[in-house]
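Here the structure comes first, spelled out in structure tokens, and everything after it is commentary.
Numbering (my numbering), first residue to last: 306 to 588.
See below:
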């Protein structure tokens with residue numbers, strides 16, 4: 306399925322020679338093909354680019370002078386996700402996990418999996434293992450957390466969200482990741498352009514490493530239930546939000562509200578969200 310997507314970001318730079326690092330471009334990976342893309346800066350500035358081999362995240366750095374800075378990114382992307390029967394998707398014992406997935410079992414800056422292990426075991430430890438258990442975690446998050454814009458900030462962690470019982474997409478994702486890791490399921494944070502998200506914005510979901518009929522892969526879950534798992538165009542993946550910020554300025558900067566969009570010209574905008582197990586590739 307083909308998607309047209311993009312964003313426009315506005316900043317007021319308050320000091321000369323202010324470095325910025327951005328992660329707003331769609332990943333290039335099997336199952337997610339970029340047909341066309343364009344990045345326009347105003348004013349025009351030189352860029353330094355870096356693609357992280359292990360994750361596929363695409364970063365670029367620029368140095369801006371005092372005044373207004375505007376970025377506009379547009380892309381046409383084709384998604385070819387695998388969508389299979391959730392009953393065929395199992396958890397993987399630690400002894401058979403690929404080494405690169407092991408780091409996603411450990412606590413991280415926003416994901417205190419070790420502190421939440423007792424709670425996770427009590428709530429989810431007795432459930433059938435596999436895609437069904439991660440879905441149950443997401444159902445719990447949807448039922449027990451209120452989605453409240455402005456209720457959290459860049460310091461809010463998974464433990465904070467559990468105590469406050471409210472948050473935004475990144476908070477839902479962090480707590481879901483914490484529960485998965487506490488149960489021995491590798492899980493990671495995903496930033497994405499999300500089809501059917503209303504209002505449009507950068508979105509955060511989680512992926513869990515599970516095993517389907519053709520082997521292990523990262524399977525997508527959105528505990529907010531605000532987007533279609535098979536309509537998520539990945540921007541970045543990481544242990545938590547600290548590794549996939551869409552903008553990191555290194556100096557005093559004023560922010561405008563991001564404009565984000567994604568359209569699917571050949572896909573109906575209405576209808577039920579998929580209940581299939583959705584994955585792209587193993588990386």
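Think of the CB as a built atom: it goes at the ideal place given N, C-alpha and C, for glycine as much as any other residue.
What is the rounded straight-line gap between the Cα of residue i and the Cα of residue j?
i, j, result
"residue 588", "residue 548", "Note on residue 588: pLDDT 47, under 50, position unreliable in the model; no value is reported."
"residue 489", "residue 349", "47 angstroms"
"residue 527", "residue 353", "32 angstroms"
"residue 571", "residue 391", "26 angstroms"
"residue 553", "residue 367", "11 angstroms"
"residue 307", "residue 383", "4 angstroms"
"residue 404", "residue 460", "30 angstroms"
"residue 442", "residue 429", "7 angstroms"
"residue 533", "residue 364", "26 angstroms"
"residue 454", "residue 495", "19 angstroms"
"residue 330", "residue 469", "33 angstroms"
"residue 431", "residue 444", "16 angstroms"
If you measure between the beta carbons of residue i and residue j, is that distance less than 8 angstroms?
i, j, result
"residue 406", "residue 500", "no"
"residue 497", "residue 537", "yes"
"residue 568", "residue 542", "no"
"residue 399", "residue 487", "no"
"residue 314", "residue 563", "yes"
"residue 462", "residue 523", "no"
"residue 529", "residue 477", "yes"
"residue 550", "residue 328", "yes"
"residue 321", "residue 385", "no"
"residue 566", "residue 311", "yes"
Pick out whichever of the options has its Cα sitting closest to the Cα of residue i.
i, options, result
"residue 535", "525, 529 and 542", "525"
"residue 520", "401, 423 and 324", "401"
"residue 451", "441, 523 and 467", "467"
"residue 560", "453, 374, 386 and 411", "374"
"residue 475", "484, 485, 457 and 469", "457"
"residue 575", "551, 503, 492 and 324", "503"
"residue 518", "432, 328, 339 and 389", "389"
"residue 555", "316, 412 and 422", "316"
"residue 422", "369, 432 and 484", "484"
"residue 319", "581, 558, 387 and 420", "558"
Below 8 angstroms on the Cβ atoms is my contact criterion, and I expect residue i with residue j to pass it. Report the Cβ-Cβ distance as a whole number of Å.
i, j, result
"residue 332", "residue 544", "With 8 angstroms as the limit, residue 332 and residue 544 do not qualify as a contact, their Cβ atoms being about 17 angstroms apart."
"residue 380", "residue 408", "About 29 angstroms separates the two Cβ atoms, so there is no contact after all."
"residue 434", "residue 396", "4 angstroms"
"residue 309", "residue 345", "Not a contact, Cβ separation roughly 16 angstroms."
"residue 415", "residue 546", "6 angstroms"
Item to check | Every unbroken beta strand (DSSP E) within the segment 434 to 500, with a cutoff of 3 residues, ordered by chain | outcome: 492 to 499
Item to check | alpha helix (DSSP H) runs contained entirely in the segment 355 to 435, provided each spans 4 or more residues | outcome: 404 to 407 and 422 to 429
Checklist entry - Counting only runs that start and end within the segment 310 to 356, where is the beta strand (DSSP E) found for 3 or more residues in a row? => result 323 to 327, 337 to 347 and 353 to 356
Next on the checklist: To test your reading of the DSSP string, which unbroken alpha helix (DSSP H) runs of 4 or more residues are found completely within the segment 504 to 542?
Outcome noted: none
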